Each structure stands twice: as structure tokens, then as C-alpha cells.
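Working notes, structure below.
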Amino acid sequence: MSLKCNFHTHTTFCDGRSTPEEVVISAIEKGFWAIGFSGHMYTPFDESYCMSKEGTAEYIKEIRRLRNVYGDRIKIFLGIEADYCSDEDISPYDYTIGSVHYVLKNGEYIPVDETAEIQIDAVNRLYNGDFLAFAEDYFACVSNVNGEIVGHLDLISKFNEDGSIFDETAPRYVSAAENAIIKLISRDMIFEINTGAMSRGYRKTPYPSEKLLRIIREKGGKIMINSDAHKASNIDFAFDEALALAKRCGFTEIYVFDGAFKKINI
Ligand SMILES: [Zn+2]
Ligand SMILES: [Zn+2]
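In this note's numbering, the protein residues as written are 4 to 269.
And the structure:
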């Protein structure tokens with residue numbers, strides 16, 4: 004087993020640009036031993052990015068078909084990325100990535116990762132501009148996500164790489180994140196180093212920030228490396244950098260999914 008694998012992959016069934024078959028072919032060409040799909044689970048209040056109910060059934064069928072066609076060349080896994088606010092059955096899936104894409108405040112679903120403008124406007128209106136209060140609510144949701152993998156732990160920092168929106172070193176921010184990390188580790192969840200925002204040009208570094216990754220390491224958390232790919236060519240985007248980051252933070256093991264979660268030494 005090697006790191007030539009990715010378990011966070013979107014396709015045309017949700018907001019990705021490549022079909023599952025294009026992704027599988029790309030994975031085989033790159034010498035991957037496994038590829039895992041993780042379509043966005045249906046969320047009733049925002050259907051713009053997720054799989055429809057009917058589309059979900061088609062997605063499951065298509066991944067199973069690809070497993071039959073390409074299964075002698077690569078392991079193909081059927082996963083799902085469940086938003087904190089989605090409530091669909093997870094039993095058809097090999098694994099679940101639990102992610103927070105919205106914070107519900109005063110009856111309004113605030114999208115965490117849509118645009119900086121939407122984020123700032125919502126925090127001004129609903130939190131009197133207190134970004135750290137927004138972060139506290141966000142991390143409280145993160146600590147309760149579904150599944151075995153925590154998706155992009157600090158997605159809330161998507162537009163804040165230069166620190167211009169809020170202070171990620173503020174004690175309130177760090178302790179909100181740390182509390183979530185402790186709770187997720189107690190649930191034996193695996194944190195992903197997620198390079199998705201890098202491939203789409205939003206960030207130069209992956210989620211989580213190095214500071215939070217070091218806390219995960221310090222507390223004994225488990226990690227994996229995922230690209231959150233939205234097109235076939237990006238399934239291993241910046242994996243070398245992610246691996247170097249993991250090593251720099253002191254990790255000696257990375258988890259992969261091979262029917263069950265297994266660790267490999269790095
Ligand atoms: Zn996500
Ligand atoms: Zn995703």
C-alpha cells in the first residue's frame with residue numbers, strides 16, 4: 004500500500020467537473036491502487052452543489068458499475084461527504100466524510116465556503132461582526148459531524164489565509180478548534196489534510212492550518228491525505244507538499260482506506 008490513493012473525490016453527480024469514469028481512468032494512469040468517491044450528500048435547503056435524491060441512486064449504481072469494469076486494475080470505493088445538516092442514510096457507503104459547509108444561525112444557513120463577501124456579510128448581520136463567535140459555532144458543529152473522516156477541519160479559514168478577515172491565533176479561535184479536535188479524537192475520527200482549496204486557487208496551503216495540525220499531532224490524532232478533487236486531473240494535487248507538512252508536524256503514519264482504515268508508515 005502507498006499514498007497513491009485518494010478518498011475525497013467529487014464528480015458530475017454533484018459539483019465536480021469529471022465523470023466518475025474519467026476519474027477512475029485518471030487514477031489508473033497515475034498508478035493509484037485505490038480511488039474513493041465522496042459525492043456531496045443531498046441537503047434539502049441548498050441543492051446547488053449536492054447530489055439530488057435521484058442522482059444519489061444513480062451515483063451508487065455508477066460507482067458499482069465501475070467497480071465491475073475496472074476492479075481488476077484498481078480498488079474503487081463508494082463513499083459520501085455528509086454535510087452536518089444533511090440527514091440521509093449512510094448505510095450504502097463504504098465510509099463517510101463528515102463536513103460542515105453551513106452554520107445555522109437565527110434560522111439562516113450561512114454558507115461557510117461560498118465567498119468571502121457572503122461570509123463577512125452574514126457575520127456582520129448575525130454575529131454583530133464577531134468572527135470568533137461564528138468560529139465557535141462552526142467548531143461546535145464540526146465536533147459533532149457524522150462518519151469516520153473529518154472533512155476540511157478549518158474550512159472556515161478558506162478566505163483568511165492572509166489573516167485579513169479574522170485572527171486565527173486568537174485564544175478563542177484556537178480553543179474552539181482544540182475542543183473540537185479533542186472531541187473528534189475521542190470518537191476515533193481521522194482528520195484529512197485536504198488540498199482541495201489549493202487546486203482551485205483559493206489557498207497556497209492545505210486544511211488544516213499547520214498550527215491545528217500540530218495540535219492534532221500533540222493530542223494523538225490520526226490523519227489521511229485527500230485532494231477533495233473536483234476534476235480528474237487533481238486527484239493527487241499537492242500530495243507531496245501535504246506529505247512534507249505531515250512529516251514536519253511529527254506524524255509518522257498516514258491512514259488510508261482499504262475496506263477498513265489502515266495505517267502506513269511515512
Ligand atoms: Zn466539503
Ligand atoms: Zn468535498
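Backbone N, C-alpha and C define an ideal beta-carbon position, used for all residues, glycine too.
From a predicted model like this one, the values you see are computed outputs, not experimental measurements.
Where the beta carbon is closer than 6 Å to any heavy atom of ligand 4, which residues qualify, in chain order? The model depicted lacks ligand 4 and carries ligand 1 and ligand 2 instead.
Using a Cβ-Cβ cutoff of less than 6 Å, which residues in the same chain neighbour K56 once the five nearest sequence positions on both sides are dropped? Walking along the sequence shown from the start, residue 56 turns up at place 53. So the list reads Y45, once near-sequence residues are dropped.
Can you tell me the Cβ-Cβ gap for S202 and S29, rounded? I've got them flagged as a contact below 8 Å. Here residue 202 refers to the residue found at position 199 when the sequence shown is read from its first residue. Here residue 29 refers to the residue found at position 26 when the sequence shown is read from its first residue. At roughly 13 Å, the Cβ-Cβ gap does not stay under 8 Å, so S202 and S29 are not in contact.
Write down every uninterrupted run of the alpha helix (DSSP H) in the segment 149 to 189 whose length is 4 residues or greater and which is fully enclosed by it, in chain order. 174 to 189
DSSP beta-bridge partners for S41? Along the sequence shown, read from residue 1 onward, the residue named residue 41 stands at position 38. For S41, which the question treats as bridged, DSSP gives the partners G82.
Run through DSSP, which three-state label would T114 get? Residue 114 sits at position 111 when you count from the first residue of the sequence shown. The question names Thr, but residue 114 is Pro in the sequence shown. Here P114 sits in strand by DSSP.
Candidates D191, I159, I196, M192: which alpha carbon is nearest A179's? Translated into positions along the sequence shown, residue 179 becomes position 176. It is I159.
What residue range is occupied by the uninterrupted alpha helix (DSSP H) comprising I121? Taking the sequence shown and counting its residues from 1, the one referred to as residue 121 is at position 118. Where I121 is concerned, the enclosing alpha helix (DSSP H) stretches over 119 to 129.
Report yes or no: do the segment 234 to 250 and the segment 17 to 34 share at least 3 C-beta pairs separated by less than 8 Å? yes
Between the Cα of C8 and the Cα atoms of T15, I38, G19, which residue gives the shortest distance? If you number the sequence shown from 1, residue 8 lands on position 5. Checking every option, the nearest Cα to that of C8 belongs to I38.
Under 9 Å between C-beta atoms of Y258 and K225: On the sequence shown, position 255 is the one that residue 258 refers to. On the sequence shown, position 222 is the one that residue 225 refers to. Yes, they are a contact pair.
At which residues does the alpha helix (DSSP H) containing T59 begin and terminate? Counting from 1 along the sequence shown, the entry for residue 59 is found at position 56. Here the alpha helix (DSSP H) through T59 covers 56 to 73.
So, under 8 Å CB-CB, F10 and G58 are touching, yes? Tell me the CB distance rounded to an integer number of Å. Translated into the one-based positions of the sequence shown, residue 10 becomes position 7. Translated into the one-based positions of the sequence shown, residue 58 becomes position 55. With a Cβ gap of about 20 Å, F10 and G58 do not count as contacting.
Just the Cα atoms here: how many angstroms apart are K64 and E91? Counting from 1 along the sequence shown, the entry for residue 64 is found at position 61. Counting from 1 along the sequence shown, the entry for residue 91 is found at position 88. Approximately 17 Å, taken between the alpha carbons.
Per DSSP, what are the beta-bridge partners of Y210 in this structure? For the purposes of this step, residue 210 is taken as the residue at position 207 of the sequence shown. Paired residues: N197.
With a threshold of 8 Å (Cβ to nearest heavy atom), would G199 be considered close to ligand 2? Taking the first residue of the sequence shown as 1, we reach residue 199 at position 196. Checking the Cβ of G199 against ligand 2 gives yes.
Below 8 Å, can you find three or more Cβ-Cβ pairs linking the segment 75 to 89 to the segment 139 to 158? yes
Using 8 Å as the cut-off, classify the Cβ of I188 as near or not near the heavy atoms of ligand 2, replying yes or no. Within the sequence shown, residue 188 is the residue found at index 185, counting from 1. No, the Cβ of I188 stays beyond 8 Å of every heavy atom of ligand 2.
When you compare each of Q122, M4, V115 to K78 by their alpha carbons, which one comes out closest? Against the sequence shown, residue 78 aligns to sequence position 75. It is M4.
Own chain residues within Cβ distance below 7 Å of D170, not counting five before or after: Stepping through the sequence shown from its first residue, residue 170 is reached at position 167. Result list for D170: Y176, in chain order.
Round the Cβ separation of L246 and I228 to the nearest angstrom and send it over; I've been treating them as touching at under 8 Å. Residue mapping note: residue 246 aligns to position 243 of the sequence shown, counting from 1. Residue mapping note: residue 228 aligns to position 225 of the sequence shown, counting from 1. At roughly 6 Å, the Cβ-Cβ gap stays under 8 Å, so L246 and I228 are in contact.
The alpha helix (DSSP H) spanning F137 covers which residue range? To locate residue 137, count along the sequence shown from 1; it is residue 134. That run of the alpha helix (DSSP H) goes 134 to 145.
Hey, out of F48, E164, Y62, whose CA is closest to L107's CA? Along the sequence shown, read from residue 1 onward, the residue named residue 107 stands at position 104. Nearest of F48, E164, Y62 to L107, Cα basis: F48.
According to the Cβ coordinates, are E117 and I152 closer than 9 Å? Position 114 of the sequence shown, counted from the start, is the residue given in the question as residue 117. Position 149 of the sequence shown, counted from the start, is the residue given in the question as residue 152. No. Outside cutoff.
According to the neighbour-count rule (16 or more other Cβ atoms, all chains shown, within 10 Å of its Cβ), is P209 buried or exposed? The sequence position of residue 209 within the sequence shown is 206, counting from 1. It is buried - the Cβ of P209 has at least 16 other Cβ atoms within 10 Å.
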